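Student: Residue numbers (numbering that gives the first Met the number 0), protein chains in the order written: chain V, 0 to 206; chain U, 0 to 274. No residue lacks a Cβ here, since even glycine has one placed at the ideal position from N, Cα and C. Keep in mind the model is a prediction, meaning the values are calculated, not measured. Before I ask anything, let me first share the structure, which is written out below as structure tokens.
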Amino acid sequence: MKRLIIFSMLFALVVLGTPQLILAAKVGQPAPDFTGTASNNQTYHLADYHGKFVVLEWHNNGCPYTQKHYNSGNMQKLQKQWTAQGVVWFTIISSAPGKQGYVDANGENTYMAKMGAAPTAALLDPTGTIGQSFDAKTTPQMIIINPQGVIIYDGAIDNRPTDDAKDIAGATNYVNLALGQALAGKPVETAATRPYGCSVKYKGSWF
Amino acid sequence: MRNPIEVICFFSRFILVLILLPGARASAASIPHGTVDFVAENQWITPGGQTYFGLNFQLEKGWHIYWINPGDSGQPPRVEWHLPSGLKTGEIEWPAPRRLGTPTIVDFGYDHAVMLLVPVRASTTLPTNRAVQLAAELRVLVCREICIPGKTQISLTLPIKSMPPEVNVQTSELFIAARMSLPRRAPGEWKFNVSDQKDSFVLTAKLGRHMARATFFPFEESQVDNSAPQKIMPVAAGFQLELRKSDQLLKPMKRLKGVLEFSANQAYVIDVAIN
């Protein structure tokens, strides 16, 4: 019963959490602010991370393209590598209840432990509010926000748009490239790419 | 005939003969929620000639596969050919796709059924009076609401003969239908112009007639916003189509290349300088 109450509260928080109509985010423009509840039960506010680089990773554990990067350990490696350098990393799950990739807090915590995932937090976005404010289209789609709150990268994780883990070795990883350049104070050369993968399973989408 | 086993044995010989009949349709390979049939247009391969092959996809209701530019998500089928020396494939010829998706995520692909055409050139030195096997590994992403990657082996055995090619009547209708669905070269008297207008490209088409409906499919990704509605406006002797630029387009573009479709089996390849 207690769990049910906590869960309903969590759900209410997510459902009632600041819905805002903002034009879709774009590279070079300020990132839309958001408040999200994570699987660790904490609430995260993007504005609190001004002064830091923030990575947003759209996630769906049933998507073959997400599995490519998790079963190979590639995503976890990136998460560890960049959070160790002070980058904030949010995994965001915008799958609606009943859709592929939807998980509750317990489900996501179990998954992260099993996979050795190491983001700062995994935000549960079953209403798709955060996903739609960033116009996130695929999993995995990656967005990088600079310490001034401006989007500096939006697109694919790398340049091999396949579901085959063999394609990871030798691929150009756009997240590494963009963060490497940005942390060195250089402009990001490849700031926007076509994100590849599965469509984000938003509420109401049949697709 | 005496007993059921013998009957089966007797008839199975004929079935075997049918399967091995040169030029016959190979049995369909299964892919997630569908099948793919590897078919040949001609009954044999002639040295020095070109023969068309087809990858004939049949999909269960609601499932789709992708065009060469898949749009916002997805991935086109990929084929790794294993051909005997003396045979070489050309570029796959893709029928005009459909817009599939939701208001915010739009993909380009095919549902229900589609046949991709593959030209194969035979060298003049290809030895005749024998059969060769054309094989390939096909990878295909099949999606409905969710996506399932599939991998299958396809193969077809055809004889090599020095005689001029003859069409296989079992498959010729498939090839006729597939060719009708291919985008054609736009007639020379049609005039196109593309102007770069900050957030969009405006394609003006002068066809000498009015057109109520048109859809543009860019060959390259990250040029046009896939999910943005393409607004059509009539102009004298033609129309204008407003194509919102992709957010991923950060560098200026010189040409706009793609397929312009008016209706089923009425699609044209265009390649227009942007000014």
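1. Short of 7 Å Cβ to Cβ, which residues in the region 200 to 225 of chain U face chain V?
2. Around the Cβ of Lys250 of chain U, are there at least 16 other Cβ atoms within 10 angstroms (buried) or fewer (exposed)?
3. In three-state DSSP terms, what is Asn275 of chain U?
4. What separation, rounded to the nearest whole angstrom, lies between the Cα atoms of Ser161 of chain U and Ile156 of chain V?
5. Which residue comes first and which comes last in the beta strand (DSSP E) that contains Trp88 of chain V?
6. Are there 16 or more other CB atoms within 10 angstroms of the CB of Asp106 of chain U, so buried, or fewer, so exposed?
7. Counting along the chain, where does the alpha helix (DSSP H) carrying Val174 of chain V start and finish?
8. Name the residue from U:Glu241, U:Gly207, U:Phe261 and U:Asp270 whose alpha carbon lies nearest to the alpha carbon of Lys253 of chain U.
9. Could you pull out every unbroken alpha helix (DSSP H) segment of at least 4 residues lying fully inside the region 84 to 138 of chain V, listed in chain order?
10. Please list, in chain order, the chain V residues whose beta carbon lies closer than 8 Å to that of Leu249 of chain U.
11. Grab me the residues of Ser245 of chain U's own chain with a C-beta within less than 7 Å of its C-beta, minus the 5 sequence neighbours each way, in chain order.
12. How about Val53 of chain V and Ile150 of chain V: are their beta carbons less than 7 Å apart?
13. Tell me the DSSP secondary structure of Met232 of chain U in three-state form.
14. So what does DSSP say about Thr203 of chain U, is it helix, strand or coil?
15. Hey, would you say Pro182 of chain U sits closer than 7 Å to Val113 of chain U, going by beta carbons?
16. Cβ of Ser198 of chain V less than 7 Å from any chain U Cβ?
17. Just checking: is the beta-carbon of Pro96 of chain V within a distance shorter than 7 Å of some beta-carbon in chain U?
18. Take Gln239 of chain U and list the residues in its own chain whose beta-carbon comes closer than 6 Å to its own, dropping the five residues that flank it on each side.
19. Do we get a CB-CB distance below 7 Å when we pair Leu20 of chain V with the residues of chain U?
20. Using CA atoms only, rank isn't needed, just tell me which of V:Pro139, V:Pro118, V:Ala181 and V:Thr137 is closest to Gln147 of chain V.
21. Can you list the residues of chain U that Lys136 of chain V reaches, using a CB-CB cut of under 7 Å?
22. Please decide whether Pro31 of chain U counts as near chain V, where near means a Cβ-Cβ distance under 7 Å.
23. Contact criterion: CB-CB distance below 7 Å. Does Asp246 of chain U meet it with respect to chain A?
24. Decide if Asp153 of chain V is buried, meaning its Cβ has at least 16 other Cβ atoms within 10 Å, or exposed.
25. Of all Cβ atoms in chain U, is any one closer than 7 Å to the Cβ of Asp166 of chain V?
26. Near Ala135 of chain V, which residues of its chain fall below 6 Å by C-beta distance, leaving aside the five closest residues on each side in sequence?
27. Apart from the five residues just before and just after Ile129 of chain V, which ones in its own chain have a Cβ nearer than 7 Å to its Cβ?
28. Taking buried to mean at least 16 other C-beta atoms within 10 Å of its own C-beta, is Gln132 of chain U buried or exposed?
29. Would you call the region 182 to 198 of chain U and the region 62 to 69 of chain U in contact, with 3 or more CB pairs under 8 Å?
30. For chain U, is any of its Cβ atoms less than 7 Å away from the one on Val63 of chain V?
31. For Pro163 of chain U, which residues in chain V fall below 8 Å Cβ to Cβ?
32. Taking Gln80 of chain V as the reference, give the member of V:Pro125, V:Asp162, V:Lys98 and V:Pro118 with the closest Cα.
33. The alpha helix (DSSP H) with Pro63 of chain V in it runs from where to where?
34. Going by the CB atoms, is the gap between Asn158 of chain V and Gly100 of chain V shorter than 7 Å?
35. For Asp162 of chain V, go through chain U and note every residue whose CB falls closer than 9 Å to its CB, in chain order.
36. Determine the contact status of Ile153 of chain U and Phe37 of chain U, defining contact as a CB-CB distance below 7 Å.
Tutor: On the basis of the data shown:
1. Glu220 and Ser221
2. As a working mapping, residue 250 of chain U is identified with position 251 in the second sequence. So Lys250 of chain U counts as exposed.
3. Outside the displayed range of chain U (0 to 274) lies residue 275 of chain U, so it cannot be described from this structure.
4. For this step, residue 161 of chain U is matched to residue 162 along the second sequence. For this step, residue 156 of chain V is matched to residue 157 along the first sequence. Distance between the alpha carbons of Ser161 of chain U and Ile156 of chain V: 51 Å.
5. Translated into positions along the first sequence, residue 88 of chain V becomes position 89. Trp88 of chain V -> beta strand (DSSP E) spans Val87 to Ile92.
6. Numbered from 1 along the second sequence, position 107 holds the residue referred to as residue 106 of chain U. By the neighbour-count rule (16 or more Cβ atoms within 10 Å), Asp106 of chain U is buried.
7. For this step, residue 174 of chain V is matched to residue 175 along the first sequence. Tyr173 to Leu182 is the extent of the alpha helix (DSSP H) around Val174 of chain V.
8. As a working note, residue 253 of chain U is residue 254 in the second sequence. The option with the nearest alpha carbon to Lys253 of chain U is U:Asp270.
9. 104 to 114 and 128 to 132
10. Mapped onto the second sequence, residue 249 of chain U falls at position 250. Near Leu249 of chain U (Cβ distances below 8 Å), the residues of chain V are Val26, Ala190 and Ala191.
11. Counting from one through the second sequence, the residue named residue 245 of chain U turns up at place 246. Result list for Ser245 of chain U: Ser221, Gln222, Val223 and Asp224, in chain order.
12. On the first sequence, position 54 is the one that residue 53 of chain V refers to. On the first sequence, position 151 is the one that residue 150 of chain V refers to. Not a contact, by the Cβ cut-off of 7 Å.
13. Taking the first residue of the second sequence as 1, we reach residue 232 of chain U at position 233. Met232 of chain U: strand per DSSP, three-state reduction.
14. If you number the second sequence from 1, residue 203 of chain U lands on position 204. Three-state result, Thr203 of chain U: strand.
15. If you number the second sequence from 1, residue 182 of chain U lands on position 183. If you number the second sequence from 1, residue 113 of chain U lands on position 114. Cβ distance not < 7 Å, so Pro182 of chain U and Val113 of chain U don't count as in contact.
16. Mapped onto the first sequence, residue 198 of chain V falls at position 199. With 7 Å as the cut-off, Ser198 of chain V counts as an interface residue toward chain U.
17. The residue labelled residue 96 of chain V in the question sits at position 97 within the first sequence. Taking Cβ atoms only, chain U never reaches closer than 7 Å to Pro96 of chain V, which makes this a no.
18. The sequence position of residue 239 of chain U within the second sequence is 240, counting from 1. Closer than 6 Å at Cβ, skipping near neighbours: Val201, Thr203 and Met232.
19. The sequence position of residue 20 of chain V within the first sequence is 21, counting from 1. Below a pLDDT of 50, predicted positions are generally treated as unreliable, and Leu20 of chain V, at 38, falls in that range; the measurement from the model is reported next regardless. No - not a single Cβ of chain U is within 7 Å of the one on Leu20 of chain V.
20. By one-based count along the first sequence, residue 147 of chain V stands at place 148. Minimum Cα distance to Gln147 of chain V is reached at V:Ala181.
21. For this step, residue 136 of chain V is matched to residue 137 along the first sequence. What Lys136 of chain V touches in chain U: Asp71, Ser72 and Ile104.
22. Your numbering for residue 31 of chain U matches position 32 in the second sequence. It does not; no Cβ of chain V falls within 7 Å.
23. Absent from the structure: chain A. Protein chains present are V and U.
24. As a working note, residue 153 of chain V is residue 154 in the first sequence. Buried, since its Cβ has 16 or more Cβ neighbours within 10 Å.
25. Counting from one through the first sequence, the residue named residue 166 of chain V turns up at place 167. Chain U, which has no Cβ nearer than 7 Å to the Cβ of Asp166 of chain V, makes this no.
26. Locating residue 135 of chain V in the first sequence gives position 136, where the first residue counts as 1. Cβ within range, chain order: Trp57 and Val199.
27. Sequence index remark: in the first sequence, residue 129 of chain V carries index 130 (1-based). Phe33, Gly35, Ile91, Ser93 and Leu122.
28. For the purposes of this step, residue 132 of chain U is identified with residue 133 of the second sequence, where counting begins at 1. Residue burial is scored here from C-beta neighbours: Gln132 of chain U has fewer than 16 other C-beta atoms within 10 angstroms and is therefore classed as exposed.
29. no
30. Looking up residue 63 of chain V in the first sequence gives position 64. Sequence check: residue 63 of chain V is Pro here, not Val. Pro63 of chain V counts as touching chain U.
31. Your numbering for residue 163 of chain U matches position 164 in the second sequence. Residues of chain V passing the Cβ test: none, with the nearest at roughly 41 Å.
32. Sequence index remark: in the first sequence, residue 80 of chain V carries index 81 (1-based). Cα-wise, what sits closest to Gln80 of chain V is V:Pro118.
33. Numbered from 1 along the first sequence, position 64 holds the residue referred to as residue 63 of chain V. Element bounds for Pro63 of chain V: Pro63 to Asn70.
34. The residue labelled residue 100 of chain V in the question sits at position 101 within the first sequence. The residue labelled residue 158 of chain V in the question sits at position 159 within the first sequence. Not closer than 7 Å, so no.
35. Counting from 1 along the first sequence, the entry for residue 162 of chain V is found at position 163. Residues of chain U whose Cβ lies closer than 9 Å to the Cβ of Asp162 of chain V are, in chain order, Gln74, Arg138, Leu140, Cys146 and Pro148.
36. Sequence index remark: in the second sequence, residue 153 of chain U carries index 154 (1-based). Sequence index remark: in the second sequence, residue 37 of chain U carries index 38 (1-based). Contact flag set, yes.
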